Amino acid sequence: MLMDHLEGNTKSDKVYEFLKEQINTGVYKPGDRIIIREISRQLGVSDIPVREAVKKLGSEGLLEVKSHSGARVAALNINNLEEIFLIRVELETLATRLAVRSATPEEVAELERCVGKMEESYQNNDIPAYTAHNREFHQLLYRASHAPYLTEIIENLYVRSENSKMIFQHDPERLRRSNAEHREIIEAIIAKDEEKAAAVIRFQKENGFRGVLHALRLSQSLLGG
38 MLMDHLEGNT KSDKVYEFLK EQINTGVYKP GDRIIIREIS RQLGVSDIPV REAVKKLGSE
98 GLLEVKSHSG ARVAALNINN LEEIFLIRVE LETLATRLAV RSATPEEVAE LERCVGKMEE
158 SYQNNDIPAY TAHNREFHQL LYRASHAPYL TEIIENLYVR SENSKMIFQH DPERLRRSNA
218 EHREIIEAII AKDEEKAAAV IRFQKENGFR GVLHALRLSQ SLLGG
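Residue numbers for the sequence shown follow the numbering used here, beginning at 38 and rising by one.
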């Protein structure tokens, strides 16, 4: 059964993860309706956990939920994304600085494990696996700041901008360079070089966000948007 393969503790959590993945991978595109009864039937659950998941995705900005017309996948708003990315660069740079000061040897080892997994992934041309391990790396890095409020804000902004990447095609060579940057960050943490770690994460984030925004603008231009 499909639900058995989804992460999450409750049925609502599992429906949420399913819908979020469908949105972020472009299966559900901006403007598509989310029909609760169809999702319930597809996942073999009642309407209640689907409604709860839809409500959560609405609060995160991935769905537009209206009382009379139901839920639709939210349109990508470039101006909103630019603002989110601008904030994320600053907060993720701050979190990295704090991680240099606070990361434990165990946390550094976890970061190194992620980098190894990413290297295996791009060598095998397994983009989904690379993306998952990259996500884990950055979560671990920011948690190593030991600043829970900061980490929570970053996570919230990540969720609100994650679906923008559905349009961005990853270049295998860019993945290799990105992972080299991850290794530089780890080396800077070990060396307690706060300025180096901050410079690398800022470069990586600004470069990545610029690429996403360029792809979105190009797409909208081609569609006449």
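Note that CB positions come from ideal geometry on N, CA and C, so glycine has one too.
A quick note: this is a predicted structure, and the numbers were derived from the prediction, not measured.
Leu-177 carries a helical assignment under DSSP once its states are collapsed to helix, strand and coil. Secondary structure in the stretch 185-212: the alpha helix (DSSP H) runs of 4 residues or longer, each lying completely within the stretch, are 185-198 in chain order.
In the DSSP assignment, Ala-108 falls within the beta strand (DSSP E) that extends over 107-110. Shown here, Lys-229 sits in coil according to DSSP, grouped into three states, outside any helix or strand. Under the three-state reduction of DSSP, Val-137 is assigned to helix. Nearest C-alpha to Asn-216 among Ala-184, Asp-50, Tyr-159 and Val-137: Tyr-159. With contacts defined as CB atoms closer than 7 Å, Pro-86 and Val-52 qualify as a contacting pair. Nearest neighbour of Gln-59 by Cα position, chosen from Val-237, Leu-255 and Leu-99, turns out to be Leu-99. Judged by their CB atoms, Gln-241 and Glu-218 are nearer to each other than the 7 Å cut-off. Between Tyr-195 and Thr-188, the gap from beta carbon to beta carbon reaches 7 Å or more. Close CB contacts of Glu-147 within its chain, under the 6 Å cut and outside five residues either way in sequence, are with Leu-177 (chain order). For Ile-72, the secondary structure class from DSSP, reduced to helix, strand or coil, is coil. Within 10 angstroms of the beta-carbon of His-175 lie 16 or more other beta-carbons, which makes it buried. Pairing Ile-223 with Glu-119 gives a Cβ-Cβ distance that is not under 7 Å.
Shown here, Leu-100 sits in a strand according to DSSP, grouped into three states. With a cutoff of 7 Å on beta-carbon distance, Ile-121 and Arg-197 are scored as near each other. A buried status is given to Lys-48, since no fewer than 16 other beta-carbon atoms sit within 10 Å of its beta-carbon. Membership of Asn-61 in the alpha helix (DSSP H) is indicated by the continuous run 48-61.
For Gly-153, the enclosing alpha helix (DSSP H) has its first and last residue at 142-160.
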